[in-house]
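For the sequence shown, position 196 matches number 181 in the numbering used here, and the numbering has no gaps at all. Don't be surprised by glycine CBs; every beta carbon is placed ideally from N, CA and C.
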Amino acid sequence: MNMKVKIAGVELNNPVMTASGTFGSGQEYGEFVDLNQLGAVVTKGVANIPWAGNPTPRIAETKSGMLNAIGLQNPGIDVFVERDIPYLQQYDSKIMVNVCGKTIEDYCEVVERLADQPVDLLEINISCPNVKEGGIAFGQDAKFVEKITYELKKRAKQPVIMKLSPNVTDITVMAKAAEAGGADGLSMINTLTGMKIDIHKRAFALANKTGGLSGPAIKPVAVRMVYQAANAVKIPIIGMGGISNYEDAIEFMMAGATAISVGTANFNNPYATVEIVDGIKKFMKDNNIDDINNIIGCVK
-14 MNMKVKIAGV ELNNPVMTAS GTFGSGQEYG EFVDLNQLGA VVTKGVANIP
36 WAGNPTPRIA ETKSGMLNAI GLQNPGIDVF VERDIPYLQQ YDSKIMVNVC
86 GKTIEDYCEV VERLADQPVD LLEINISCPN VKEGGIAFGQ DAKFVEKITY
136 ELKKRAKQPV IMKLSPNVTD ITVMAKAAEA GGADGLSMIN TLTGMKIDIH
186 KRAFALANKT GGLSGPAIKP VAVRMVYQAA NAVKIPIIGM GGISNYEDAI
236 EFMMAGATAI SVGTANFNNP YATVEIVDGI KKFMKDNNID DINNIIGCVK
């Protein structure tokens, strides 16, 4: 039974990855999850310099999901290279670094810094709704998506995976723009912009007023967008958005995702990723599927 998949030429032992921002850089889940069992660990966003993130409160629970406005808090690329990469190197799982920035130059600086590091894939975050500069402001402009993809591809030594925003009118336009810029793959979707008001305090639940909605509530939107993008471009897609069990993972793959990422579910169940790996394995056995690649995009 084959569970291996390939993203831009990089072979993963299985299609299950962690979603950026929900798994730290792996160490935070070390006592719960054997990282060797995962296809890849996707790190929290890393910038060229340390970011403090947004004021608190930054998280609010919602029905079937959560809102966050962390604002890509991170220690910066120097700390990440010295502290986190050596830890991740101990494991068989591939390493995908999520890259964030406020300008094209910021993104390029991080990508160039990672060029000689033992990193397998780069995920470019042009879709965070919780930063005022960069992030979603970049991900909603097709011309800019193509431009920044092109600039990063010129500098990157690893495959470039562009993380798209769902907060657009037509996701296929952004997918095609990333492909035109030379992207090796797509990650989708990031969170949907939302808001929560505390009626007793007559105040916003988040200091940032708005936040990114994630969790099971957004899964149908994410599946629809993965399906649309998979039928619009030829590059592989990493699907995410509300995946909490193996059935969700299989659904994304049948819609066209080559691999999947688990995000908010990690907060409720730190074992979610490895349980999904085991669930996919059982599903394949029960349904006589000898190669996981045979179900990718099987629903037309």
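Contact check for isoleucine 133 against serine 150 fails: the beta carbons are separated by 9 angstroms or more. Each of Val284, Ala242, Glu131 and Asn230 was checked against the Cα of phenylalanine 268, and the nearest Cα belongs to Asn230. Counting only the Cα atoms, methionine 239 lies some 6 angstroms from isoleucine 280. If the five residues before and after asparagine 83 are omitted, its C-beta is found closer than 7 angstroms to the C-beta atoms of Ser5, Val27, Thr28, Lys29, Gly30, Val31, Glu108 and Asn110, all from its own chain and listed in chain order. Between the segment 155 to 162 and the segment 180 to 187 there are fewer than three C-beta pairs closer than 8 angstroms, too few to call the two in contact. By the neighbour-count criterion, in which 16 or more other beta carbons inside 10 Å mark a residue as buried, aspartate 276 falls on the exposed side. For asparagine 83, the enclosing beta strand (DSSP E) stretches over residues 79 to 84. Assignment of beta-bridge partners to phenylalanine 189 by DSSP yields Ile182. Note on geometry: alpha-carbon atoms of arginine 98 and threonine 243 lie some 28 angstroms from one another. Taking 9 angstroms as the cut-off, the Cβ atoms of alanine 190 and leucine 52 count as close. Bounds of the alpha helix (DSSP H) holding lysine 139 are 127 to 140. Following the DSSP letters along the chain, one finds methionine 238 inside the alpha helix (DSSP H) bounded by residues 231 to 240. Within the segment -13 to 11, the complete beta strand (DSSP E) segments of 3 residues or longer fall at -10 to -8, -5 to -3 and 1 to 3, listed in chain order.
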